[in-house]
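Single-structure report; data block below.
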Amino acid sequence: KTNMSDIRRSLLKSNLPPMGPPGVPGMKRGGRGRAGMSGRKDYTPASWKKYWDSSEDVTLEGGDVFRIYKRGSAGPLLLLLHGGGYSALTWSLFAENVSEMVECQLIAIDQRGHGDTQTSDNVDLSAETLASDIGRVVDAVYGSQQPPCVLIGHSMGGAIAVHTAYYGYVAGLAGLVVIDVVEGTAMDALSSMQSFLRGRPQNFNSLQNAIEWSVRSGQTRNTEAARVSMPGQVKNTETGSCGTADVESSANINQNQESGVPLRADVIPEEDGDSGTSQVAEHSSTQTSTEIKLPVKKYTWRINLGETEKFWSGWFQGLSAKFLACSPAKMLLLAGIDRLDTDLTVGQMQGKFQMQVLPQCGHAVQEDTPDRVAEVLATFLVRHRLTTNKADFHQSFPAC
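Quick note, the working numbering runs 14 ahead of the 1-based positions in the sequence shown.
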């Protein structure tokens, strides 16, 4: 007897893109965004200025201030929403890649409680509030001059993108792209989320320390992405400012990094690939007295995600039905073939949305493989005649 699971797997496997050699998850496949996969890795924090044209603080009625990053000035607006705990800078490498492929303009938003955004209520992360925030920011930036908009969201941001589209918070919506979040899988994972959060380091001695942890722990598999993204995920415990402020204010930050030794005063637990047990990173033999004297607990997480638990189910409940009910062109981009629930499987078979699976990457798909995500999204935009491709870009990865 053939069940829905069999149909789902058969459907997905038949549409997988070509896979690279086994055991080489970071292999470069054209485009940019796979830096740091060979030789000694550089964990020096990187400025956003390499990837974005500008950053702006958008003040809304009531005094809430939202940090946005902008790139490009023509073509459809790609509005980028990050996942829980991340910041707008998670999209940096993707923005660089996709803008070289097709005509578009991009805005990435630090959502409420994240990055450099400051609001009167940083702990209200309800789906309704977050979706309303997006609409208010877009209206403040563009007013009646808003170009056609494609909402693109990762994880929590994908759920908020769906809520934003479903309830009409953004006008002129031409497309909706959800990255690696599915209602059933997300709801099942909530029960273990607090345990996952408790398992993370609570403090870091430096931004390099935080970046190194994000790579070693597998949060991201792309060192270049970690260097620009991680500062937006932590805050300085002395100043309370987001790590991005320290990156921009210190022209000579991490001079000692030139010696090849990551700055750190503690050690980072590493997962043993065979046993799954924690081991201590072996850097004690290379630590200097200067490193040991570095201030302890200089950085901590920008947002305490554990305190937002009461909002989690609201992000994901009913997500599949809302996604299918949205009228714009839709795409679901997944990191694995086991993520679809029944509603989405049926909807995909009925042609209600396009789907693409990118294997050999983690949950932070836009960081792990920004060039491949850019190719998929650029192809989606051209296919639906939302933009035109630039020279040398050829559509690939036909979605099912």
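The C-beta atom is built at its ideal place from N, Cα and C for all residues, glycine as well.
As the structure is a computational prediction, the values presented were derived from the model and not from experiment.
Open item on the list: Quick check on F394: does DSSP put it in helix, strand or coil?
Closed with: helix
- [ ] Sort out for me which residues DSSP pairs Y65 with in a bridge.
- [x] Y65 is not bridged to any residue.
Open item on the list: Buried or exposed for T237, going by 16 or more other Cβ atoms inside 10 Å?
Closed with: buried
TODO: Please report how far the alpha carbon of W315 lies from the alpha carbon of P215, in whole angstroms.
DONE: 9 Å
Task: Inter-stretch contact at 8 Å, needing at least 3 Cβ pairs: the stretch 199 to 213 / the stretch 107 to 119 - done: no
- [ ] For T131, collect the residues of the same chain with a Cβ closer than 7 Å to its Cβ; drop the 5 residues on either side in sequence, then sort them by chain order.
- [x] V79, F80, R81, D124, Q125
TODO: Quickly, what does DSSP pair H12 with across the bridge? List them, please.
DONE: Only positions 15 to 414 of the chain appear in the structure, and residue 12 is not among them; the question remains open.
TODO: Reducing DSSP to helix, strand and coil, say where D124 ends up.
DONE: coil
Open item on the list: Quick check on DSSP: helix, strand or coil for E70?
Closed with: strand
Task: V195 vs A173 beta-carbon contact at 9 Å - done: yes
Open item on the list: Let me check understanding here. Comparing Cα to Cα, which of G376, T143, F407 lies closest to V390?
Closed with: F407
- [ ] Keeping to the same chain, check which residues put their C-beta closer than 7 Å to that of G127; ignore five residues upstream and five downstream.
- [x] N136, V137, L139, I317
- [ ] Spatial neighbours of C375 within its chain, please: CB distance less than 6 Å, with the 5 preceding and 5 following residues excluded, ordered by chain position.
- [x] A349, D382, T383
Task: Cβ-based burial, M415 [other Cβ within 10 Å; buried from 16] - done: This structure cannot settle anything about residue 415, because the visible part of the chain is limited to 15 through 414.
Open item on the list: Checking the sheet assignment: what are the DSSP bridge partners for W315?
Closed with: V248
Task: V360 - containing alpha helix (DSSP H), residue span - done: 356 to 363
TODO: Quick one: using the 10 Å Cβ neighbour count with 16 as the cut-off for buried, is S101 buried or exposed?
DONE: buried
Task: Buried versus exposed, by CB contacts within 10 Å (16 or more), Q208 - done: exposed
TODO: Classify L400 as helix, strand or coil using the three-state DSSP reduction.
DONE: coil
TODO: For P161, collect the residues of the same chain with a Cβ closer than 8 Å to its Cβ; drop the 5 residues on either side in sequence, then sort them by chain order.
DONE: G89, P90, L91, Q119, G186
Task: Close-in-space but distant-in-sequence residues of the same chain around L338 (CB under 6 Å, 5 per side omitted) - done: G361, K366
TODO: Report the residue from A200, G198, T251 whose alpha carbon sits nearest the alpha carbon of L221.
DONE: T251
TODO: Could you pull the start and end residues of the beta strand (DSSP E) that Y83 belongs to?
DONE: 79 to 85
Open item on the list: Once DSSP output is grouped into helix, strand and coil, what is the label at A88?
Closed with: coil
Open item on the list: Using 9 Å as the threshold, is the C-beta distance between E262 and S61 below it?
Closed with: yes
- [ ] Kindly list the residues whose CB is nearer than 6 Å to the CB of S52, restricted to its own chain and excluding five residues on each side of it in sequence; keep chain order.
- [x] Low confidence applies to S52: its pLDDT is 47, below 50, so where it sits in the model is not reliable enough to give any reading.
Task: CB of L354 within 9 Å of CB of V387, strictly - done: no
- [ ] Quickly, what does DSSP pair N223 with across the bridge? List them, please.
- [x] DSSP, once it has assigned bridges, lists no residue as partnering N223.
Open item on the list: For K404 and T199, I'd like the C-alpha separation in whole angstroms.
Closed with: 37 Å
Task: Where the beta strand (DSSP E) through L333 begins and ends - done: Here L333 belongs to no beta strand (DSSP E); instead the alpha helix (DSSP H) covers 333 to 339.
Task: Residues near G77 in its chain [Cβ-Cβ closer than 7 Å; skip 5 each side] - done: S134
- [ ] Please classify Q159: is it buried, with 16 or more other beta-carbons within 10 angstroms of its beta-carbon, or exposed?
- [x] exposed
- [ ] Under 6 Å Cβ to Cβ from K344, same chain only, skipping five residues before and after it: list those, please.
- [x] L190, F367
Open item on the list: So T401 and E117 are supposed to be a Cβ contact under 8 Å. How far apart are they, rounded?
Closed with: 5 Å
- [ ] Could you tell me if G182 is buried or exposed, where buried requires 16 or more neighbouring beta carbons within 10 angstroms of its beta carbon?
- [x] exposed
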